[in-house]
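Participant:
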Amino acid sequence: MSVLVCGGAGYIGSHNVKALIEQGEDVIVLDNLWTGHKAAVPEQAKFYKGDVRDGAILDKIFTEHKIDAVLHFCACSLVGESVEKPLLYFNNNVGGMQSLLEAMTRNHVNKIVFSSSAAVYGEPKSVPIFEDDPTNPTNPYGESKRIMERIMHWVGLAHNIKYVSLRYFNVAGARHDGSMGEDHRNETHLVPIILQVPLKKRSHVTVYGDDYKTKDGTCIRDYVYIEDLAAAHILALNYLRDGGESEIFNLGSGDGYSVMEMINAARKATGRDIPVEIGARRAGDPARLVADSKKARKILGWSPKVTRMEDIIATAWRWHLGHPNGYPDIE
Ligand code: NAD
Ligand code: UDP
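In our numbering, the protein residues as written are 217 to 547.
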């Protein structure tokens with residue numbers, strides 16, 4: 217049987233494709249290359265360039281391959297952009313889920329592992345955040361992820377599709393050997409932005425606010441290593457194959473790090489000076505987001521291996537040093 221990875225040319229999807237191949241899985245990738253890169257897809261995977269909202273290409277893939285499960289990474293995922301273009305986010309994210317579940321139902325595929333996000337929680341009342349805490353998304357991106365979870369819930373009940381929704385907190389780092397990494401052309405994530413300074417692509421990091429009620433005034437997040445995240449997907453896939461019920465899991469390391477702590481960890485990992493300027497708060501940023509991931513540890517047997525920020529950032533540094541311009545553009 218094969219696994220279909222939708223969005224497998226993106227940052228997280230491509231690391232998952234690699235991990236699946238290393239586990240001996242046969243992998244098919246569907247990606248429209250909006251933000252992903254063909255060069256990020258390992259050559260052992262069969263690649264289809266196309267849109268997950270296109271039922272015809274999904275039917276073609278499900279007909280040409282015996283697929284038992286889908287990993288679904290496709291999304292527009294920039295919070296700020298989602299506020300400006302909510303219709304794009306609902307069309308692509310919600311529309312993509314609708315189309316994928318329709319095709320899975322038509323083709324009798326009944327297992328899906330989905331990339332959800334801590335953004336479904338919005339501003340938490342307390343941390344750490346548990347899976348059954350209230351979900352009050354504060355932007356269309358988080359709202360789209362929550363709607364996608366609810367669609368899986370109702371379609372799952374009607375058509376016996378089992379799902380695992382993985383609510384990632386902040387994903388960071390690159391493959392341990394530096395051969396794959398994060399290459400978002402419109403970069404907004406903290407770790408690659410910090411590393412642009414020693415790469416001489418920017419003069420300093422702007423810290424978005426130092427007046428939060430946190431230990432050093434800067435925002436606290438829970439960073440999870442990309443290869444630990446990929447391992448969680450394989451555990452989730454095998455959980456569903458073993459007959460597991462539909463579930464939602466938080467994925468984070470369980471420890472919070474402030475923006476300044478991340479910058480200091482990057483200074484150590486790179487051995488370089490990284491100048492900082494304090495800027496205004498970024499609209500909608502919660503002060504503190506930290507996961508309680510005990511459920512994933514207990515039910516999936518997941519245990520993140522790389523949890524020192526300096527070590528996570530060192531993997532990203534290796535990737536960026538070896539690929540200063542990211543992936544080559546090939547179609
Ligand atoms: P990414 O942009 O690198 O990957 C998304 C991939 O999906 C890209 O390759 C893109 O080309 C593809 N895609 C988008 N729309 C598509 C469509 N309609 N049809 C086919 N392909 C399509 O993003 P990422 O950082 O790898 O994130 C992957 C998933 O994880 C997303 O769903 C994102 O919302 C979620 N997530 C990411 C983070 C993070 O820290 N990066 C945190 C929480 C959740
Ligand atoms: N951040 C920052 N400067 C930047 C980018 C991000 O201070 O140039 C902060 C941001 O305010 C947040 C944290 O770093 O507190 C992580 O931001 P990121 O965009 O990576 O992830 P998010 O938590 O928004 O999903």
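Every residue gets a Cβ at the ideal spot worked out from N, C-alpha and C, and that includes glycine.
So, for Ala285: in the same chain, excluding its five sequence neighbours on each side, which residues have a beta-carbon less than 6 Å away from its beta-carbon?
Facilitator: Hits under 6 Å: Val219, Lys327, Leu453.
Participant: Less than 6 Å separating the Cβ of Trp250 from some heavy atom of the ligand NAD?
Facilitator: Flag set: Cβ of Trp250 near the ligand NAD.
Participant: Is Asn232 closer than 7 Å to Glu347 when the C-beta atoms are compared?
Facilitator: Not a contact, by the Cβ cut-off of 7 Å.
Participant: Within this structure, are the beta carbons of Ala261 and Tyr543 separated by less than 7 Å?
Facilitator: Not a contact, by the Cβ cut-off of 7 Å.
Participant: Just checking Cys435 against the ligand UDP - is the residue's beta carbon closer than 6 Å to any of the ligand's heavy atoms?
Facilitator: Yes, since a heavy atom of the ligand UDP falls inside the 6 Å radius drawn around the Cβ of Cys435.
Participant: For Leu303, count the other beta carbons within 10 Å of its own beta carbon; 16 or more makes it buried, fewer makes it exposed. Which is it?
Facilitator: The residue is exposed, with fewer than 16 neighbouring Cβ atoms inside 10 Å.
Participant: Using 10 angstroms around the beta-carbon of Gly538, count the other beta-carbons present and answer buried if the total reaches 16, otherwise exposed.
Facilitator: That one is exposed.
Participant: Please give the ranges of any alpha helix (DSSP H) in the region 398–425, keeping only runs that are unbroken, at least 4 residues long and fully inside the region.
Facilitator: Counting only runs of 4 or more, we get 406–411.
Participant: Since Ile410 and Ile490 are thought to touch, with beta carbons under 8 Å apart, how far apart are those beta carbons, to the nearest angstrom?
Facilitator: With 8 Å as the limit, Ile410 and Ile490 qualify as a contact, their Cβ atoms being about 6 Å apart.
Participant: Assuming Asp438 contacts Gly470 under a Cβ cut-off of 8 Å, what Cβ separation, rounded to an integer in Å, is found between them?
Facilitator: Confirmed, about 7 Å.
Participant: Considering only heavy atoms of the ligand UDP, does any lie closer than 6 Å to the CB of His405?
Facilitator: Flag set: Cβ of His405 near the ligand UDP.
Participant: Of all the alpha helix (DSSP H) runs that stay within the bounds of the region 230–298, which reach a length of 4 or more residues?
Facilitator: Listed in chain order, the complete alpha helix (DSSP H) runs (minimum 4 residues) inside the region 230–298 are 271–280.
Participant: Can you tell me the Cβ-Cβ gap for Tyr384 and Phe330, rounded? I've got them flagged as a contact below 8 Å.
Facilitator: Contact flag wrong, Cβ pair sits at about 11 Å.
Participant: Would you identify the three-state DSSP class for Ser462, choosing helix, strand or coil?
Facilitator: Three-state result, Ser462: coil.
Participant: Contact between the region 494–508 and the region 427–435: three or more CB pairs below 8 Å?
Facilitator: These segments touch.
Participant: Quick one: using the 10 Å Cβ neighbour count with 16 as the cut-off for buried, is Leu373 buried or exposed?
Facilitator: Exposed is the call here.
Participant: With three or more C-beta pairs closer than 8 Å as the rule, is the region 473–491 touching the region 403–423?
Facilitator: Yes, the region 403–423 touches the region 473–491.
Participant: Measure from the alpha carbon of Lys429 to the alpha carbon of each residue in Ser474, Arg322, Ser293, then state which is nearest.
Facilitator: Lys429 has its Cα closest to that of Ser474, out of Ser474, Arg322, Ser293.
Participant: Strictly by DSSP, which residues pair up with Cys222?
Facilitator: Note: Cys222 sits in a beta bridge opposite Leu246, His288.
Participant: Compute every distance between the C-beta of His546 and the non-hydrogen atoms of the ligand NAD, then say whether any falls below 6 Å.
Facilitator: Just to set this straight, residue 546 is Ile in the shown sequence, not His. No, the ligand NAD has no heavy atom inside 6 Å of this Cβ.
Participant: Tell me whether Arg383 counts as near the ligand UDP, meaning its Cβ is closer than 6 Å to at least one heavy atom of that ligand.
Facilitator: No, the Cβ of Arg383 stays beyond 6 Å of every heavy atom of the ligand UDP.
Participant: Please state if the CB of Val221 and the CB of Leu287 are separated by a distance shorter than 7 Å.
Facilitator: The answer is yes: Cβ separation under 7 Å.
Participant: Do you know how far the Cα of Trp370 is from the Cα of Pro540?
Facilitator: Those two C-alpha atoms are separated by around 44 Å.
Participant: Checking 7 Å against the spacing of the C-beta atoms, do Ile494 and Val421 come in under that value?
Facilitator: Cβ distance not < 7 Å, so Ile494 and Val421 don't count as in contact.
Participant: For Lys282, tell me which candidate among Ala291, Glu241, Gln314 has the shortest Cα-Cα distance.
Facilitator: When only C-alpha atoms are compared, the closest one is Glu241.
Participant: If the criterion is Cβ atoms closer than 7 Å, does the pair Ala225 and Val268 meet it?
Facilitator: No, they are not a contact pair.
Participant: Does the Cβ-Cβ distance between Asn309 and Ala335 come in under 7 Å?
Facilitator: Their beta carbons are not under 7 Å apart, which means Asn309 does not touch Ala335 by this criterion.
Participant: Identify which residue in Asp508, Glu300, His536, Ala512 has its Cα closest to the Cα of Glu463.
Facilitator: The candidate whose alpha carbon is nearest that of Glu463 is Ala512.
Participant: What are the boundary residues of the alpha helix (DSSP H) that Ile494 is part of?
Facilitator: Looking at the DSSP string, Ile494 is not in any alpha helix (DSSP H); the run it does join, the beta strand (DSSP E), is 492–495.
Participant: How many whole angstroms separate the CB atoms of Ile442 and Ile228, which I take to be in contact at a CB cut-off of 8 Å?
Facilitator: Yes, Ile442 and Ile228 are in contact; Cβ-Cβ is about 7 Å, under 8 Å.
Participant: Thinking Val295 and Asn355 are a contact (beta carbons under 8 Å), I'd like their distance in whole angstroms, please.
Facilitator: Yes, they are in contact, since the Cβ atoms of Val295 and Asn355 sit about 5 Å apart, within 8 Å.
Participant: Just to confirm, is the Cβ distance from Met476 to Ser230 under 7 Å?
Facilitator: Against a cut-off of 7 Å, the Cβ pair of Ser230 and Met476 comes out as no contact.
Participant: Hey, how far is the Cα of Arg362 from the Cα of Gly311?
Facilitator: Going from the Cα of Arg362 to the Cα of Gly311 covers about 13 Å.
Participant: Could you spell out where the beta strand (DSSP E) holding Lys521 opens and where it closes?
Facilitator: Counting along the chain, Lys521 falls outside any beta strand (DSSP E), and DSSP gives it neither H nor E.
Participant: Leaving out five residues on either side along the sequence, give the residues of the same chain with a beta carbon under 6 Å from the beta carbon of Ile546.
Facilitator: Lys254, Ala255, listed in sequence order.
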